[in-house]
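Visitor: In our numbering, the protein residues as written are 613 to 733.
We treat Cβ as the ideally placed atom computed from N, Cα and C, and that holds for glycine.
Remember, it's a predicted structure, so these values are computed and weren't measured experimentally.
My questions will all concern the structure given below.
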Amino acid sequence: MENILVHTELQTGDQAASRAFYTKLFDWKFEDIPMGDTTYGMVHFGEDEIVIGLTDTTCPENSTFWINYMLVEDIEADKKKAESLGAQCIQDVTEVPGRGKFCFLQDPQGAKFALWQKTHE
């Protein structure tokens with residue numbers, strides 16, 4: 613099923629402080645996944661449940677924000693469609709080896725969101 617929310621992620625300028633806050637607040641358990649120069653923290657709620665991610669921010673102003681990922685079948689086509697409807701690409705399509713591809717967009721009203729295309733097995 614495509615065009616559904618599949619993942620939400622907290623991009624933060626202080627990963628340790630964000631982890632500590634959400635661990636104390638919700639008792640979340642983070643699985644650490646090495647991602648190049650950083651570690652990606654994943655929280656799973658069940659096999660078919662939405663997964664939460666925690667990572668270092670990719671924004672130049674080092675801001676902290678939540679971003680939602682929408683599952684798509686063809687990320688390039690959906691990125692182009694979003695842009696034709698007035699969205700701005702704020703991070704181009706990026707591959708996550710063995711998992712899929714993502715890109716960040718900003719809708720015409722200013723809300724940021726991500727597209728996610730899974731790697732077909």
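Where D639 and G653 are concerned, what is the direct C-alpha to C-alpha distance, given to the nearest angstrom?
Guide: About 14 angstroms.
Visitor: So does the region 689 to 706 actually touch the region 674 to 681, counting three or more Cβ pairs closer than 8 angstroms?
Guide: Contact between the region 689 to 706 and the region 674 to 681 is absent, because fewer than three Cβ pairs lie under 8 angstroms.
Visitor: Within the same chain, show all residues whose beta-carbon is closer than 8 angstroms to that of C715, passing over the 5 residues directly before and after it, in chain order.
Guide: Hits under 8 angstroms: I687, K691, C701, Q703, D704, V705, T706, A726, L727.
Visitor: Provide the residue span of the alpha helix (DSSP H) that contains K616, from first to last.
Guide: The sequence as given places Ile at residue 616; Lys does not occur at that position. That residue, I616, is in no alpha helix (DSSP H); it is neither H nor E in DSSP.
Visitor: Leaving out five residues before and five after E695 in sequence, what residues of the same chain have Cβ atoms less than 7 angstroms from its Cβ?
Guide: Correct list, in chain order: C701.
Visitor: Jot down the residue ranges of each uninterrupted alpha helix (DSSP H) in the region 669 to 710, minimum 4 residues, whole runs only, in chain order.
Guide: Those alpha helix (DSSP H) runs which fall completely within the region 669 to 710 and span 4+ residues are 687 to 696.
Visitor: Determine whether the beta carbon atoms of T669 and T635 lie at a separation below 7 angstroms.
Guide: No, the pair does not count as a contact, with Cβ atoms beyond the cut-off.
Visitor: From the DSSP output, in three-state form, read off Q721 for me.
Guide: Reduced to three states, the DSSP call for Q721 is coil.
Visitor: Beta-carbon separation of N680 and L637 under 7 angstroms?
Guide: Contact flag unset, no.
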